[in-house]
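S.K.:
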Amino acid sequence: MRKFINLIFLLLASAAFSTIIAQPPGSGAPAGGSDSNLRDDNIRLRSVELERIKREAAKQDPGKVFGINSKIETKFPEIKEDYEGIQVSQEAIVKAYTMAKTIDYKLIASAAREINKDGKRLDSNLFSTRFEVEEDKASEKEGRKKPDLKQLIVELDNAIGNFVASKLFQNLKVVDAETAKKTRIDLLHVIHASEALVKEIENMP
């Protein structure tokens, strides 16, 4: 089981683009032009390794883990697709915002919609329908300045990074209630941040 979960953690803890977003739009490719190819190689590697994880998952009993969908092993193809999907779509957003001479808002909105769709399916496939969590509403407090496009992209990027780096993927057998709850909250942040990004673009003049 430890080998199985360690594989998941290694494969899913690589979506971190915030340092790229920190560059101003239109500044061209960041230092190290091979970074994009490296990320593409990592995605392909995850695709191969996730097939191995699928075979290992069939030998486990993840349904006994707190808050986890008891049928998670049957949902593996969709989970694999969506884990890769949210990272690929986020990379597309980063490229559209930082590397193009003109920001492609239509592409950013389309990619954010894909992240939202993938995030919702991940939520239903990973977690039990009876597993309820209460999200942190701090971002909705009165007086908080409305985030701009760049801030929304950073928030979405951070949410994705937090989710894929969750302790949940280190060892399902020792997952406690707080870890499971935090992981689902992180995923809900991905869902809501992607929705906010779409709305921001749709409301632009």
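Using the working numbering, count along the sequence shown one by one with no gaps and you end on 209. The C-beta atom is built at its ideal place from N, Cα and C for all residues, glycine as well. All of these numbers come straight from a predicted model, not from anything done at the bench.
Which word fits Thr-187, buried or exposed, when buried means at least 16 other C-beta atoms lie within 10 angstroms of its C-beta?
M.R.: Classification for Thr-187: buried.
S.K.: Using a 10 Å radius around the Cβ and a threshold of 16 neighbouring Cβ atoms, would you call Ser-128 buried or exposed?
M.R.: Result: exposed.
S.K.: Looking at the secondary structure, which residues open and close the alpha helix (DSSP H) in which Pro-81 lies?
M.R.: Start and end: 80 to 102.
S.K.: Can you list, in chain order, the residues of its chain with a C-beta nearer than 7 Å to that of Ile-97? Leave out the 5 residues immediately preceding and following it.
M.R.: Result list for Ile-97: Ile-112, Ala-115, Ala-116, Ile-157, in chain order.
S.K.: Ile-112 by DSSP, collapsed to three states: which one?
M.R.: Helix.
S.K.: Return helix, strand or coil for Glu-195, following the three-state DSSP convention.
M.R.: For the record, residue 195 in the displayed sequence is Ile; it is not Glu. Residue state, collapsed to three classes: helix.
S.K.: If I measure Cβ to Cβ from Asp-190 and keep anything under 8 Å in the same chain, skipping five residues before and after, which residues do I get?
M.R.: So the list reads Ala-163, Asn-166, Phe-167, Ser-170, once near-sequence residues are dropped.
S.K.: Reducing DSSP to helix, strand and coil, say where Ile-189 ends up.
M.R.: In this structure, Ile-189 counts as helix in the three-state DSSP scheme.
S.K.: Starting from Ile-164, follow its DSSP beta bridges and name the residues at the other end.
M.R.: Paired residue(s): none; Ile-164 is not in a bridge.
S.K.: Hey, would you say Asp-86 sits closer than 8 Å to Asp-122, going by beta carbons?
M.R.: Cβ atoms of Asp-86 and Asp-122: closer than 8 Å.
S.K.: I'd like the list of long-range same chain contacts for Glu-204, defined as Cβ closer than 7 Å, with 5 residues on each side in sequence excluded.
M.R.: Leu-153, Leu-156, listed in sequence order.
S.K.: Any idea what DSSP makes of Ile-72, helix, strand or coil?
M.R.: Here Ile-72 sits in strand by DSSP.
S.K.: If you drop the 5 nearest sequence neighbours on each side, which residues of the same chain put their C-beta closer than 6 Å to that of Ile-119?
M.R.: These residues qualify, in order along the chain: Ile-90, Ser-93, Ser-198.
S.K.: Thinking C-beta only, is Leu-130 closer than 8 Å to Ile-83?
M.R.: Contact flag set, yes.
S.K.: Out of Leu-126, Thr-106, Lys-105, state which residue places its alpha-carbon closest to the alpha-carbon of Glu-77.
M.R.: For the residues Leu-126, Thr-106, Lys-105, the minimum Cα distance to Glu-77 belongs to Leu-126.
S.K.: Measuring alpha carbon to alpha carbon, tell me which residue in Pro-209, Ala-181, Pro-81, Asn-207 is nearest Ser-132.
M.R.: Looking at the Cα atoms, Ala-181 is the closest of the given residues.
S.K.: Could you pull out every residue in the same chain whose Cβ sits closer than 8 Å to the Cβ of Val-202, ignoring the five residues on either side in sequence?
M.R.: Same-chain partners within the cutoff: Ala-113, Ala-116, Arg-117, Asn-120.
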